[in-house]
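Line by line, the protein sequences give chains A and B. Letter by letter, the first sequence follows residues 1 to 61 of our numbering. Letter by letter, the second sequence follows residues 1001 to 1189 of our numbering. Notes to accompany the following structure.
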Amino acid sequence: MKSRPILSLFGLYLSVVCAWGDSYNVNVAPGYNLFANQLTLSSGDLNSVLGGGVVPGGTIL
Amino acid sequence: MWDVPSQSFVTYGYALGKWRQGGTVVDPIINPGEAFYCQLNTASPLSIPFTGTASTSPTPIPGFTPTTLDYLLGSQTYDPTPGATYNYYDITGYAPVAGVSLFVPDGTAISGTPYSSPLEWNQYEYDGTSWHFGSSTGPVTSEPQILLAEGVWIGPSEVPEPTTMIAGALLLLPFGASILRLLCKTRTA
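Rendered as structure tokens:
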């Protein structure tokens, strides 16, 4: 019966992997750029995407 | 980011590890299908990964009125096929209506809106039957397609200039005067 929790954990792992499986890269040039988001981003939102030193001193408008 | 109700930009700045809107610390949230301008202050270009969940079909934008309001948008759906393109329906969740235009950046410097800097944008106008390049009098073209992560403006094809609106108001003056005269005559009778 111990296999049931293991199977549940494996299912949870698969669902997480599938949920966050979509990704693409956006090329951002110095200066102004216009682009769009097509995904529901992770909980880190733009801190992980554009913040956190990725865009030092950057501005979104 | 573009705020539709106020028809103006909302600006977020990143400094000291936090996003701020004015003096308030707040994380900007960009939902699928929303486009935005990003000012990169570094000397070198960057490649930024976007990771999340994709929508298989577009959600019609609530209260969408592109014949009167401007929208800054991108596709709501994501197709992992390399080179995949997206159309008006993928962006808005609706079929186009007459008098609406889609503005794609033409590859030169980008700033403001297609109305403040029209030379930087390629306009595609829908007349109710066909898409035209430039304006409704321009050549008929196929439905505009945009690329992954590409941002576009969608809005009314023509925005009356202030002088046009003043001229229109002046045209109504004789009409108003005749109504006043009619009211005065009715009272004296």
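In this text, a Cβ means the ideal position worked out from N, Cα and C, and glycines have one as well. Note that this is a predicted model, so its numbers are computed, not measured.
query, result
"Bridge partners - I1146(B), DSSP secondary structure assignment", "Y1086(B)"
"Three-pair Cβ contact test at 8 Å for the stretch 1051-1064 of chain B versus the stretch 1078-1095 of chain B", "yes"
"Residue from S1006(B), V1025(B) and Q1007(B) whose Cα sits closest to the Cα of G1013(B)", "V1025(B)"
"Selected residue, minimal CA-CA separation from D1127(B), among P1139(B), G1052(B), M1001(B) and A1015(B)", "P1139(B)"
"Per-residue DSSP class, three states only, for T1092(B)", "helix"
"Distance between T1051(B) and L1072(B) (C-alpha atoms, nearest Å)", "21 Å"
"Endpoints, the beta strand (DSSP E) within which F1050(B) is located", "L1046 to A1054"
"Residues of its chain near E1143(B), where Cβ-Cβ distance is below 6 Å and the 5 sequence neighbours each way are ignored", "N1087 and W1131"
"Simplified DSSP state of L41(A), which is helix, strand or coil", "strand"
"The stretch 1040-1074 of chain B: positions lying closer than 9 Å to chain A by Cβ", "L1040, N1041, T1042, A1043, S1044, P1045, L1046, S1047, I1048, P1049, F1050, T1051, G1052, T1053, A1054, S1055, L1072, L1073 and G1074"
"Through-space distance from G31(A) to A1043(B), alpha-carbon basis", "9 Å"
"Length of the line joining the Cα atoms of Q1039(B) and T1141(B)", "33 Å"
"Partner residues on chain A for P1082(B), Cβ-Cβ distance less than 8 Å", "Correct list: empty, because the minimum Cβ distance to chain A is about 10 Å."
"is_contact[E1143(B), chain A] using C-beta, thresh 8 Å", "no"
"Beta-carbon contacts of E1150(B) that lie in its chain and below 7 Å, excluding the five residues immediately before and after", "G1074"
"Cβ-based contacts, 7 Å cut-off: residues of the stretch 1126-1155 of chain B near chain A", "L1148, A1149, E1150 and G1151"
"Whether A1084(B) touches L1148(B) by CB criterion (8 Å)", "yes"
"Alpha-carbon to alpha-carbon, A1054(B) and Q1145(B)", "19 Å"
"DSSP bridge partner residues for E1125(B) (one or two, in chain order)", "S1101(B) and H1132(B)"
"Limits of the unbroken beta strand (DSSP E) element including A29(A)", "First-last for A29(A): undefined, no H or E at that position."
"Where the beta strand (DSSP E) containing F1064(B) begins and where it ends", "Segment: none, F1064(B) is in no beta strand (DSSP E) and carries neither H nor E."
"Integer-rounded CB distance, given that S1101(B) should sit under 8 Å from Y1194(B)", "Chain B is shown from 1001 up to 1189; residue 1194(B) falls before or after that span and cannot be answered."
"V1097(B) classed as buried or exposed, judged by whether at least 16 other C-beta atoms fall within 10 angstroms", "exposed"
"Cutoff 6 Å; reference T1065(B); Cβ partners in own chain excluding five residues on either side", "none"
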